[in-house]
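Enquirer:
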Amino acid sequence: MTRATQPPTLEVEQPAILTLSPLRLRLQATAPVCRIRTPAGDEGWIVTRHAEVKALLQDNRLARTHADPENAPRYIRNPMLDMLITDADPEVERESHEAKRVLYTKSFAARKVLDHRSRVDAIADERIDAILDKGRPADLHGDFSMPYSQQALCDMIGVPPDAREELLARMDGAGEVDGDSGDEAPADGSAEGPGDGGGGDEMAALFGFAARIGARKRREPTDDVISRFVESGLSDEEIGLHTVTLLFTGLAGVASHIDFGVLLLATNPEQRTAAMDSSEVMARAVDEVLRATVGSPVLPRYASEDIEIGGETIRTGDLVLLDFSLANFDPRVFDHAEQFDVSRAPNPHFTFGHGMRHCTGAPLVRILLQSAYTKLFDRLPGLRLAVPEEALRPHPGGRLAGGLAELPMTW
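For the sequence shown, the residue numbers in our numbering are 2 to 412.
So, in structure tokens, the structure goes:
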């Protein structure tokens, strides 16, 4: 993997909110597949264009398997991401992945998610009631995006109310990263499932606590994801792993897209009006937010065989970063990609992945975002930024919390 010329090092922070870094844009303009050095100091590849990202998402030679997970190259070093890496045989990993998709699809099918829409709307109303009681201005990130995401996801998954605070606190601690990273958790990972990497006392305590929630649901089943895991025959330990994975991949992604969606709709009043006037346009607006939100390619993927793509040879064991944000702004696919357009159709973004690596939680995320935007702009007329946009900052480094540090809004 050596080269005479040192590959460029990817920076962690975006230069500004909702802005791709000049380096990543230069890489996309240069080639569809580029050698890079990660913020963790490891070498790998970044895939920058839509066609090549789509091809690799359908390529069984690229997955979470690595012969030596402990020493596999990383984008960043974080135990929650490390647990996605497995040393299983690639075929075994594919079979396990397909089994997880079947398991998750039973719980996140669109019809089942729609059954929870009234509960999701009620949670949004509760959070907005609290904002109105508190008065303007409000920090939409802390007062709405995070608590709404936490409550809605915990309700759907089945985390008992009296266990949520401790579980989320344990996850927050485990989400710390080595270095000054402010990266977001992936939005495409709810179908990925846990691997065999990661570890340590903190992770063991986290999974042990989640396993005890599984044992509790075994005694007291209700209509939720964990109870269906019990019905599927999973052990308490397996339920703990899946519960943590679902929350990890869901919370930061949903909260981030609420933050950035509110920002995009608030600063594009004509687009917001069109979305609020039509549920069909609002549904398209949700996908446009998903496309336009800029994140980092944090999910670890590795080549299980040599792969020829984009004029390069990716060797067995190489780290491959599929940059969904770059692909979502690829001018070869998206006209005026830099513009926020709620009427954009088709909108083949990769925020939820693609094919067998498509996020099974996508129907739930879409419902959560649609409810959030509709309720916020309906009940808080004139919702707008209370500070200049350039004053906004991403969530501070050290946690995979996603979104903005604060989103001060008034109405």
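For each residue, glycine too, the CB sits at the ideal point set by N, CA and C. Predicted model only: the values in this text are computed from it and were never measured.
Give the DSSP-derived three-state secondary structure of L21 in the structure shown.
Expert: Indexing the sequence shown from 1 puts residue 21 at position 20. DSSP places L21 in coil when its eight states are reduced to three.
Enquirer: If you follow the beta strand (DSSP E) that T250 is part of, which residue opens it and which one closes it?
Expert: The residue you call residue 250 lines up with position 249 of the sequence shown. Where T250 is concerned, there is no enclosing beta strand (DSSP E), although the alpha helix (DSSP H) it sits in stretches over D237 to A267.
Enquirer: Consult DSSP for P222 and reduce its assignment to one of helix, strand or coil.
Expert: Position 221 of the sequence shown, counted from the first residue, corresponds to residue 222. Note: P222 maps to coil in three-state DSSP.
Enquirer: How many angstroms separate the CA atom of G215 from the CA atom of R229?
Expert: For this step, residue 215 is matched to residue 214 along the sequence shown. For this step, residue 229 is matched to residue 228 along the sequence shown. Each residue's Cα considered, the two are about 10 Å apart.
Enquirer: Using the DSSP secondary-structure output, state which residues sit across from G45 in a beta bridge.
Expert: Counting from one through the sequence shown, the residue named residue 45 turns up at place 44. G45 is bridged to I37.
Enquirer: Ignore the nearest five residues each way along the sequence and tell me which others in A284's own chain have a CB closer than 8 Å to its CB.
Expert: Here residue 284 refers to the residue found at position 283 when the sequence shown is read from its first residue. Hits under 8 Å: R367 and Q371.
Enquirer: Just list the residues that DSSP pairs I310 with in beta bridges.
Expert: The residue labelled residue 310 in the question sits at position 309 within the sequence shown. For I310, which the question treats as bridged, DSSP gives the partners E313.
Enquirer: Ordered along the chain, which non-local residues of its own chain (more than five positions away) have a Cβ less than 6 Å from that of H359?
Expert: In the sequence shown, counting from the first residue as 1, residue 359 sits at position 358. Once the five neighbours on either side are set aside, the close Cβ partners of H359 are F353.
Enquirer: Would you give the residue range spanned by the alpha helix (DSSP H) that P270 belongs to?
Expert: Translated into the one-based positions of the sequence shown, residue 270 becomes position 269. From DSSP, the alpha helix (DSSP H) with P270 extends over P270 to M277.
Enquirer: According to DSSP, simplified to helix, strand and coil, what is A164?
Expert: Within the sequence shown, numbered from 1, the residue matching residue 164 stands at position 163. In the structure shown, A164 sits in a helix (DSSP, three-state: H, G or I).
Enquirer: Mind checking S146: buried by the 16 CB within 10 Å criterion, or exposed?
Expert: For the purposes of this step, residue 146 is identified with residue 145 of the sequence shown, where counting begins at 1. Burial call: buried.
Enquirer: Which parts of the segment 333 to 402 are runs of the alpha helix (DSSP H), unbroken and 4 residues or longer, counting only runs that do not cross its ends?
Expert: Correct list: 363 to 380.
Enquirer: Since I believe F208 is in contact with G241 (beta carbons under 8 Å), could you give me their beta-carbon distance rounded to a whole number of angstroms?
Expert: In the sequence shown, counting from the first residue as 1, residue 241 sits at position 240. In the sequence shown, counting from the first residue as 1, residue 208 sits at position 207. The pair is a contact, with the Cβ atoms about 5 Å apart (cut-off 8 Å).
Enquirer: Report the three-state DSSP secondary structure of P409 (helix, strand or coil).
Expert: What you label residue 409 is simply residue 408 of the sequence shown in a count that begins at 1. Reduced to three states, the DSSP call for P409 is strand.
Enquirer: Note down, in chain order, each residue of its chain lying with its Cβ closer than 8 Å to the Cβ of P33, except the 5 sequence neighbours on either side.
Expert: Working through the sequence shown from its first residue, we reach residue 33 at position 32. Counting only Cβ-Cβ distances below 8 Å, and skipping sequence neighbours, we find V48, T49, R50, A52, E53, I310, G311 and G312.
Enquirer: Would you report the Cα separation of A17 and R394, rounded to the nearest angstrom?
Expert: Locating residue 17 in the sequence shown gives position 16, counting from the first residue. Locating residue 394 in the sequence shown gives position 393, counting from the first residue. A17 and R394: Cα-Cα distance of roughly 8 Å.
Enquirer: Hey, would you say E61 sits closer than 8 Å to R25, going by beta carbons?
Expert: For the purposes of this step, residue 61 is identified with residue 60 of the sequence shown, where counting begins at 1. For the purposes of this step, residue 25 is identified with residue 24 of the sequence shown, where counting begins at 1. Before going further, note that residue 61 is Asn rather than Glu in the sequence given. No, they are not a contact pair.
Enquirer: Alpha carbon to alpha carbon, what distance is there between I129 and A188?
Expert: Stepping through the sequence shown from its first residue, residue 188 is reached at position 187. Stepping through the sequence shown from its first residue, residue 129 is reached at position 128. No answer about A188 holds up, because its pLDDT of 46 lies below 50 and its placement is not dependable.
Enquirer: Identify, in the order they occur along the chain, each residue of the same chain with its Cβ nearer than 7 Å to the Cβ of L265, setting aside the five sequence neighbours on each side.
Expert: On the sequence shown, position 264 is the one that residue 265 refers to. Excluding residues within five positions, the ones whose Cβ falls inside 7 Å are V290, A293 and F341.
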